[in-house]
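Here the sequence shown stands for residues 1 to 56, where the numbers follow the UniProt record's numbering. First comes the structure, then the notes that go with it.
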Amino acid sequence: IKAAVDTIPKLASTQLLQAPTRAKDGCIRCAVVGTSGILNGSRLGKEIDSTDYVFR
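The structure is reproduced here in structure tokens:
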């Protein structure tokens, strides 16, 4: 396993997600969404797209 892990390139930063530059108030906004079937017709597309990160 160590040999496989050693092939993964090292990141310049240890942070998984960098803070976006547009986070003026210091807050990062994210959306946690389900399947498209759940969201179908919800009209939340613009709100979801306005977040910094989307997790599914």
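Where is the CB? At the ideal position from N, CA and C, for every residue including glycine. None of these values were measured; they are calculated from a predicted model.
Whole angstroms are fine: how far does the CA of E47 sit from the CA of residue 58? Past the boundaries of the shown model lies residue 58; the chain is included only from 1 to 56, so the question cannot be answered.
If you measure between the beta carbons of L17 and Y53, is that distance less than 8 angstroms? Cβ atoms of L17 and Y53: closer than 8 angstroms.
Where V54 falls: helix, strand or coil (DSSP): Secondary structure of V54 (DSSP, three-state): strand.
For V33, three-class secondary structure by DSSP: If DSSP states are grouped into helix, strand and coil, V33 belongs with coil.
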